[in-house]
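Position 298 (the sequence shown) corresponds to 298 in my numbering; numbering is contiguous. Okay, so here's the structure we're looking at.
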Amino acid sequence: MSAFVPFDEKILIGYCPQGEVVEWCFPFLNNFNGLFMGTSGSGKTWTLRNMIARVYRRGTTFHIVDVKGDFQAENFISQGLGHLVSESDFNFINFSYFDGGSSLNPMQVPRSQDGGGVTMTIETVKELATKFNHKLGSTQLGYLGEVLKAVYADFGIEHEDESTWGKKAPTLADVYEKLTLVYQCIVSGLDSGSVGTIMNEIGRAKRKTLAAIRKAEDEEQDQESISLLCQEEADAASNVVAGIIKSQLSYDELGRNGIGEEWQHWNKTSVYSLRDTIGQMVDSRLFTGEASKVREGAINVYNMTNISSAHQQIMMDIIARRTFAMAVLKTKITGNADPKSAGHILVCDEGKHAKAISKQPLSPVNRIATEGRGFGLGVWMGVQQPDQVTQDQLRNFAFYFLLKTPESSSKEMQRMFSLKPNQLKQLEFRENCLYSAGQKYVCVRQFKED
Numbered sequence: 001m002s003a004f005v006p007f008d009e010k011i012l013i014g015y016c017p018q019g020e021v022v023e024w025c026f027p028f029l030n031n032f033n034g035l036f037m038g039t040s041g042s043g044k045t046w047t048l049r050n051m052i053a054r055v056y057r058r059g060t061t062f063h064i065v066d067v068k069g070d071f072q073a074e075n076f077i078s079q080g081l082g083h084l085v086s087e088s089d090f091n092f093i094n095f096s097y098f099d100g101g102s103s104l105n106p107m108q109v110p111r112s113q114d115g116g117g118v119t120m121t122i123e124t125v126k127e128l129a130t131k132f133n134h135k136l137g138s139t140q141l142g143y144l145g146e147v148l149k150a151v152y153a154d155f156g157i158e159h160e161d162e163s164t165w166g167k168k169a170p171t172l173a174d175v176y177e178k179l180t181l182v183y184q185c186i187v188s189g190l191d192s193g194s195v196g197t198i199m200n201e202i203g204r205a206k207r208k209t210l211a212a213i214r215k216a217e218d219e220e221q222d223q224e225s226i227s228l229l230c231q232e233e234a235d236a237a238s239n240v241v242a243g244i245i246k247s248q249l250s251y252d253e254l255g256r257n258g259i260g261e262e263w264q265h266w267n268k269t270s271v272y273s274l275r276d277t278i279g280q281m282v283d284s285r286l287f288t289g290e291a292s293k294v295r296e297g298a299i300n301v302y303n304m305t306n307i308s309s310a311h312q313q314i315m316m317d318i319i320a321r322r323t324f325a326m327a328v329l330k331t332k333i334t335g336n337a338d339p340k341s342a343g344h345i346l347v348c349d350e351g352k353h354a355k356a357i358s359k360q361p362l363s364p365v366n367r368i369a370t371e372g373r374g375f376g377l378g379v380w381m382g383v384q385q386p387d388q389v390t391q392d393q394l395r396n397f398a399f400y401f402l403l404k405t406p407e408s409s410s411k412e413m414q415r416m417f418s419l420k421p422n423q424l425k426q427l428e429f430r431e432n433c434l435y436s437a438g439q440k441y442v443c444v445r446q447f448k449e450d
């Protein structure tokens with residue numbers, strides 16, 4: 001494997017029909033975004049791997065969204081790129097619905113104001129919840145917003161205090177627990193402090209009783225003695241709960257005329273449905289499992305082959321947000337705005353998924369495409385045909401690898417890229433491409449000359 005090389009060392013793409021060299025180089029680009037377009041079997045993914053391996057050796061950290069398993073280390077090595085990358089250069093983040101899979105915490109607050117702080121993170125979590133349950137209404141989303149604020153407050157994280165944003169973030173499991181508490185408050189008419197004390201006491205008593213049973217069994221005590229131990233713990237817990245009930249039914253407490261917490265007046269059916277939605281998100285293990293750890297200076301591969309297409313898009317959205325926040329934070333720390341090379345590149349080989357989550361101008365993939373240059377960030381997209389990219393994205397690519405595409409898209413290719421019919425006719429499967437980095441397109445046999 002070769003050593004790292006200067007960021008401005010040119011990459012040989014190949015030679016044009018006239019024999020002139022065709023090269024790629026960071027200083028040639030007006031931003032760091034690239035489009036790789038070609039139908040299935042055209043060599044698009046093969047071309048992407050070549051570019052990833054070569055640009056990685058120039059010091060760029062990669063974040064690859066892998067929905068088909070095409071970007072494993074062995075894919076690169078078997079393709080003949082072992083002199084550029086090895087297994088140690090990769091960091092695999094594997095998502096699944098089982099224990100041991102990686103997760104992304106959508107409640108992690110970005111550590112710079114560009115990420116919108118607690119307020120923007122809350123809005124993102126609310127949007128995420130609607131993707132799991134499209135029937136969530138405005139009232140339930142309002143409830144969720146208030147619960148999220150309360151959970152962040154429990155963890156000492158405040159929107160107005162940026163220094164708190166780096167604290168350990170809560171997870172959706174904490175939100176589920178808070179919603180359970182809220183629901184119990186509503187159905188019981190008790191305040192959250194009382195409900196929390198009751199639930200904690202029951203949990204404490206159960207744990208203590210189980211420990212006492214195990215000890216008694218080890219000591220070979222008889223069943224009657226063990227039953228007596230259980231009854232003693234039950235009586236102790238009952239006394240605590242009874243004390244709370246007596247305090248709630250006192251003349252002073254009942255004379256407060258319903259003065260209490262806001263959620264005591266919430267609709268219990270709406271809260272229960274919201275709690276069920278958050279429970280489904282927790283059960284998926286995609287947000288509460290082992291926290292994924294991105295490695296700076298590595299090829300980070302987010303393996304999504306074992307989750308559904310709908311969940312792939314959800315995780316892609318979170319990854320794009322995190323990658324954008326990471327680049328912004330790095331720029332803030334180093335003070336190196338508008339760097340000459342990319343510090344981070346997000347790769348989406350299935351661009352149709354990226355388009356599906358890019359319907360709004362401020363969606364994370366669109367923000368990377370339009371704002372990423374100043375933060376040393378870019379997005380590379382692999383698509384099969386022109387209609388799989390948004391207009392915002394299309395206007396912001398700095399370089400293009402156009403491979404063989406379906407005949408049905410010929411006119412669209414000519415229109416979008418100002419190509420002539422004879423240029424498209426030159427393209428052959430797995431043999432060549434039309435390449436451009438801000439200049440006219442040239443036909444080249446990419447990465448077959450070195």
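Note that the Cβ used here is the ideal one computed from N, Cα and C, for glycine as well.
Pairs of beta-carbons, one from the segment 316–328 and one from the segment 96–110, closer than 8 Å: are there three or more? Below 8 Å, enough C-beta pairs join the segment 316–328 and the segment 96–110 to call them touching: three or more.
Inter-residue CB distance, Leu-35 and Val-389 (contact presumed, cutoff 8 Å): Within the sequence shown, numbered from 1, the residue matching residue 35 stands at position 35. Within the sequence shown, numbered from 1, the residue matching residue 389 stands at position 389. Cβ atoms of Leu-35 and Val-389 come within 8 Å of each other, at about 7 Å.
Those runs of the alpha helix (DSSP H) which lie wholly inside the segment 154–209 and span at least 4 residues: The qualifying runs are 172–188.
In the DSSP assignment, what are the bridge partners of Trp-24? Reading the sequence shown from its first residue, position 24 is the one you call residue 24. Trp-24 is bridged by DSSP to Ile-11.
In chain order, which beta strand (DSSP E) runs of at least 3 residues are fully inside the segment 48–123? Runs of the beta strand (DSSP E) lying entirely within the segment 48–123 and spanning at least 3 residues, in chain order: 61–66, 90–94.
So, do the segment 36–55 and the segment 365–382 have three or more beta carbon pairs nearer to each other than 8 Å? Segments in contact, yes.
What separation, rounded to the nearest whole angstrom, lies between the Cα atoms of Glu-87 and Ile-299? Indexing the sequence shown from 1 puts residue 87 at position 87. Indexing the sequence shown from 1 puts residue 299 at position 299. Glu-87 and Ile-299 have their C-alpha atoms roughly 10 Å apart.
Closest Cα partner of Val-442 within the set Glu-201, Leu-424, Phe-429: Looking up residue 442 in the sequence shown gives position 442. The shortest Cα separation from Val-442 among Glu-201, Leu-424, Phe-429 belongs to Leu-424.
Which word fits Glu-219, buried or exposed, when buried means at least 16 other C-beta atoms lie within 10 angstroms of its C-beta? Residue 219 sits at position 219 when you count from the first residue of the sequence shown. Exposed: under 16 other Cβ atoms inside 10 Å.
How close, in whole Å, do the beta carbons of Gly-378 and Ile-345 come, if the pair is a contact with beta carbons under 8 Å? Looking up residue 378 in the sequence shown gives position 378. Looking up residue 345 in the sequence shown gives position 345. About 5 Å separates the beta carbon of Gly-378 from that of Ile-345, a gap short enough to meet the 8 Å contact definition.
May I have the straight-line CA-CA distance separating Ile-318 from Ala-205, to the nearest angstrom? To locate residue 318, count along the sequence shown from 1; it is residue 318. To locate residue 205, count along the sequence shown from 1; it is residue 205. Ile-318 and Ala-205: Cα-Cα distance of roughly 40 Å.
Among Ser-409, Gln-439, Lys-411, Leu-402, which residue has its Cα nearest to the Cα of Glu-428? For the purposes of this step, residue 428 is taken as the residue at position 428 of the sequence shown. The option with the nearest alpha carbon to Glu-428 is Leu-402.
Less than 9 Å separating the beta-carbons of Thr-61 and Arg-367? For the purposes of this step, residue 61 is taken as residue 61 along the sequence shown, with counting starting at 1. For the purposes of this step, residue 367 is taken as residue 367 along the sequence shown, with counting starting at 1. At least 9 Å separates the beta-carbon of Thr-61 from that of Arg-367.
Between Gln-360, Val-271, Cys-16, which lies nearest to Leu-434 when the distance is taken from Cα to Cα? Within the sequence shown, numbered from 1, the residue matching residue 434 stands at position 434. Nearest in C-alpha terms to Leu-434, of all of Gln-360, Val-271, Cys-16, is Cys-16.
Would you decide whether Asp-276 is buried or exposed? Buried here means 16 or more other CB atoms lie within 10 Å of its CB. For the purposes of this step, residue 276 is taken as the residue at position 276 of the sequence shown. Under this definition Asp-276 is an exposed residue.
Once the 5 residues before and after Arg-285 are set aside, which same chain residues still bring their CB inside 8 Å of it? Start at 1 with the first residue of the sequence shown, and residue 285 comes out as number 285. The answer, listed in chain order, is Ser-96, Tyr-97, Phe-98, Asp-99, Gly-101, Ser-103.
Test item: CB-CB of Trp-24 and Val-147 under 9 Å: Along the sequence shown, one-based indexing puts residue 24 at 24. Along the sequence shown, one-based indexing puts residue 147 at 147. Not a contact, by the Cβ cut-off of 9 Å.
So, under 8 Å CB-CB, Phe-32 and Ala-342 are touching, yes? Tell me the CB distance rounded to an integer number of Å. Numbered from its first residue, the sequence shown carries residue 32 at position 32. Numbered from its first residue, the sequence shown carries residue 342 at position 342. So it is a contact: roughly 4 Å between Cβ atoms.
Can you give me the start and stop residues for the alpha helix (DSSP H) that His-454 sits inside? The chain is shown from 1 up to 450; residue 454 falls before or after that span and cannot be answered.
What do you get for Glu-9, buried or exposed, if any count of 16 or more other CB atoms within 10 angstroms of its CB means buried? Along the sequence shown, one-based indexing puts residue 9 at 9. Glu-9 is exposed by the Cβ-count criterion.
Residue nearest to Arg-214 in terms of C-alpha spacing, selected from Leu-229, Ile-202, Glu-201: Counted from its first residue, the sequence shown places residue 214 at position 214. Closest option to Arg-214, Cα to Cα, is Leu-229.
Spatial neighbours of Thr-130 within its chain, please: CB distance less than 8 Å, with the 5 preceding and 5 following residues excluded, ordered by chain position. Residue mapping note: residue 130 aligns to position 130 of the sequence shown, counting from 1. Closer than 8 Å at Cβ, skipping near neighbours: Leu-136, Leu-141.
Which residue comes first and which comes last in the alpha helix (DSSP H) that contains Asn-366? On the sequence shown, residue 366 is found 366 positions in, with the first residue counted as 1. Unbroken alpha helix (DSSP H) run through Asn-366: 364–371.
Taking all protein chains shown into account, decide if Gln-393 is buried (16 or more other Cβ within 10 angstroms of its Cβ) or exposed. One-based indexing of the sequence shown puts residue 393 at position 393. Gln-393 counts as buried, since no fewer than 16 other beta carbons sit within 10 angstroms of its beta carbon.
Please report the residue range of the alpha helix (DSSP H) in which Ser-410 lies. Locating residue 410 in the sequence shown gives position 410, counting from the first residue. Residue range 410–417 is occupied by the alpha helix (DSSP H) that includes Ser-410.
Taking Cβ positions, are Tyr-400 and Met-51 nearer each other than 9 Å? Here residue 400 refers to the residue found at position 400 of the sequence shown. Here residue 51 refers to the residue found at position 51 of the sequence shown. No; because the gap between Cβ atoms is not below 9 Å, this pair is not in contact.
What span of residues does the beta strand (DSSP E) with Ser-436 cover, start to end? Numbered from 1 along the sequence shown, position 436 holds the residue referred to as residue 436. If you look at Ser-436, you'll find it in the beta strand (DSSP E) that goes 433–436.
Cα separation between Gln-184 and Thr-305? Here residue 184 refers to the residue found at position 184 of the sequence shown. Here residue 305 refers to the residue found at position 305 of the sequence shown. Roughly 39 Å between the two C-alpha positions.
For Pro-106, which option in Gly-69, Ile-77, Tyr-143, Tyr-152 has the closest C-alpha, if you only look at C-alpha atoms? One-based indexing of the sequence shown puts residue 106 at position 106. If you compare the alpha carbons of Gly-69, Ile-77, Tyr-143, Tyr-152 with that of Pro-106, the shortest gap goes to Tyr-152.
Taking the beta carbon of Val-13 as the centre, do at least 16 other beta carbons fall within 10 Å, making it buried, or is it exposed? Residue 13 sits at position 13 when you count from the first residue of the sequence shown. According to the sequence as given, residue 13 is Ile; it is not Val. Ile-13 is buried by the Cβ-count criterion.
Under 8 Å Cβ to Cβ from Glu-412, same chain only, skipping five residues before and after it: list those, please. In the sequence shown, counting from the first residue as 1, residue 412 sits at position 412. Leaving aside the five residues that flank Glu-412 on each side, the residues in its chain whose CB is nearer than 8 Å to its CB run, in chain order, Gln-385, Pro-386, Asp-387.
Mind checking whether Thr-209 and Ala-234 have CB atoms under 9 Å apart? Numbered from 1 along the sequence shown, position 209 holds the residue referred to as residue 209. Numbered from 1 along the sequence shown, position 234 holds the residue referred to as residue 234. With a cutoff of 9 Å on beta-carbon distance, Thr-209 and Ala-234 are scored as near each other.
CB contact flag (Tyr-143, Leu-29, <9 Å): Position 143 of the sequence shown, counting from 1, holds the residue named residue 143. Position 29 of the sequence shown, counting from 1, holds the residue named residue 29. Taking 9 Å as the Cβ cut-off, Tyr-143 and Leu-29 do not qualify as a contacting pair.
Rounded distance between the beta-carbons of Val-65 and Tyr-272, thought under 8 Å: In the sequence shown, the residue the question calls residue 272 occupies position 272. In the sequence shown, the residue the question calls residue 65 occupies position 65. Not quite, the Cβ-Cβ distance comes to about 35 Å (not below 8 Å), so this is no contact.
Reference Met-281, options Leu-190, Glu-177, Pro-364, Gly-297, closest by Cα: In the sequence shown, the residue the question calls residue 281 occupies position 281. Nearest Cα to Met-281 within the set Leu-190, Glu-177, Pro-364, Gly-297: Glu-177.
Buried or exposed (CB count within 10 angstroms, at least 16 for buried), Lys-330: Residue mapping note: residue 330 aligns to position 330 of the sequence shown, counting from 1. So Lys-330 counts as buried.
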